[in-house]
Amino acid sequence: MNFWYRIAERPQGVGLFDLLRRIEASQPQRPRLGRAARPQEEAVRLGQAPSLSFAPSELDNVELGGAVPKVQVRSLGLFGPNGALPLPMTEYVWDRLHNYRDPTWANFADIFHHRMLALFYRAWAEVQPAVGYDRPQEDRFAGYLGAMSGYGQAGLRDRDLVEDEAKLHFTGLLARNCRDMDSLRHILQDYFQVPVQIEPFALHWLTLPPSEQTSLGGSDAAAQLGVGSVLGARVPDRQYCFGLTLGPMDFEQYQRFLPDGGSLPKLRDWIRNYLGLAYEWHLHLLVKPHTLPKPQLNGSLQLGRDAWLSRREPVEAVTGWQKA
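Under the working numbering, the residue at position 115 of the sequence shown is numbered 121, and the numbers go up by one with no gaps.
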């Protein structure tokens, strides 16, 4: 209630939408303003103070005596110079309220004011991404963005280690039909905060199943010289593989990309989200030399993974663990 007392003391210093947003975010157990089946279910009552004077602020006063606080605005209602009712009606309601202490007409009009102002706020809030995120579980704007990149349905969320918020951040790149090297580099570099280089058409080897390998005495195409015969159980390929180089990076960042770190599974899931399962990739990690720890025989470092032997201090980036 301290919040409401501060607002009641100086309501002129608060905007209407800002106040309603704070109320809505502070009571997530209640329906959103403008969506409740009955006004009693909402966290605040809205009304308009009948007046013909100039409105210096959006709010007029806050009443704290009822079951829920009541916020009175100066405009956006039926009364006043900009209201829908004739000016004598505003004068009459003001006279009954202040000279006869009869709030009947004002309370009757507030039945319509409450619903009208709540819907007006709701229309504004529905197109504000930040307001929707005040209640992440009910964020419709996230659904709008997710639908563009393939993550709009509830069953398509929380499927891997990449946060759904990160996928929404890159909706502009994920929503495109084509997939290119620069977009993937931009996603990985911005998400992991490390330099990223991509080498297309990297060499890798495809293992042939036994039925596709050349063998003596076979009658299929794989045994015909000059047609389908292959020497060995593997064939080279460059079409479906690329090289990925991360760094130079700090040693602490480098450790997160090791097999037992937390960033390597996220890197894998990011590539699968963007490219699918059709491509193989090689990973090379570069470490800044001045961040490397001194090799020690204490069991905490592994030679070739996070410790290296050298007669001199390295001056260039060190190639760390590699995934082929």
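Think of the CB as a built atom: it goes at the ideal place given N, C-alpha and C, for glycine as much as any other residue.
Asked	Found
Where Arg165 falls, given that 16 or more other Cβ within 10 Å makes a residue buried	exposed
CB contact flag (Pro109, Phe85, <9 Å)	no
At least three beta-carbon pairs within less than 8 Å, the stretch 148-164 to the stretch 116-129	no
Gln259 classed as buried or exposed, judged by whether at least 16 other C-beta atoms fall within 10 angstroms	buried
Segment contact flag, the stretch 243-255 with the stretch 197-208, C-beta cutoff 8 Å, min 3 pairs	yes
From Val77, Arg38, Leu91, Leu162, residue whose alpha carbon lies closest to that of Val5	An answer regarding residue 5 cannot be provided, because it is not within the stretch 7 to 330 covered by the chain.
Euclidean distance between Cα positions of Phe248 and Ala284	11 Å
Three-state secondary structure assigned by DSSP to Asn67	strand
Whole-number beta carbon distance between Val99 and Ala112, since they are thought to touch under 8 Å	6 Å
Any non-hydrogen atom of the ligand MG closer than 8 Å to Gln54 Cβ	Of ligands this structure carries none, so the ligand MG is not represented either.
Classification of Phe9 by the beta-carbon crowding that lies within 10 angstroms, buried from 16 upward	exposed
Nearest neighbour of Met187, chosen from Ser59, Thr251, Met154 [CA to CA]	Thr251
Three-way DSSP call (helix, strand, coil) for Ala208 in this model	coil
Test item: CB-CB of Met255 and Leu292 under 9 Å	yes
Through-space distance from Ala136 to Ala239, alpha-carbon basis	56 Å
Buried versus exposed, by CB contacts within 10 Å (16 or more), Glu171	exposed
Terminal residues of the beta strand (DSSP E) in which Thr251 lies	247-255
Run of the beta strand (DSSP E) containing Gln78, from where it starts to where it stops	76-79
3 or more residues per run - each beta strand (DSSP E) lying fully within the stretch 251-289	none
Segments of 4+ residues assigned as alpha helix (DSSP H) that fall wholly inside the stretch 108-177	110-131, 135-138, 146-155, 170-175
Where the beta strand (DSSP E) containing Val241 begins and where it ends	240-243
Pick from Arg80, Pro62, Val168, Ala61 that is closest to Ser269, judged by C-alpha positions	Val168
Identity of the residue in His192, Asn183, Gly161, Arg163 nearest Phe176 by Cα	His192
For Leu190 and Tyr280, the rounded distance between their alpha carbons	7 Å
Euclidean distance between Cα positions of Val233 and Leu264	44 Å
Buried or exposed (CB count within 10 angstroms, at least 16 for buried), Gly161	exposed
Spatial distance of Ala14 from Leu82 (CA atoms)	20 Å
Coil, strand or helix - Gln54 by DSSP	strand
Sheet register partners of Ala14 (DSSP bridge)	DSSP output for Ala14 lists no bridge partner at all.
Beta-bridge pairing of Thr213 - partner residues as DSSP gives them	Arg240
Start and end residues, alpha helix (DSSP H) containing Val99	93-104
Proximal residues to Gln18 (C-beta, below 8 Å), its chain only, five neighbours per side dropped	Pro62, Ser63, Leu65
Supposed contact pair Gly40 and Arg128 - C-beta distance, whole angstroms, cut 8 Å	3 Å
For Pro92, the nearest candidate out of Pro301, Arg141, Leu58, Met154 (CA to CA)	Leu58
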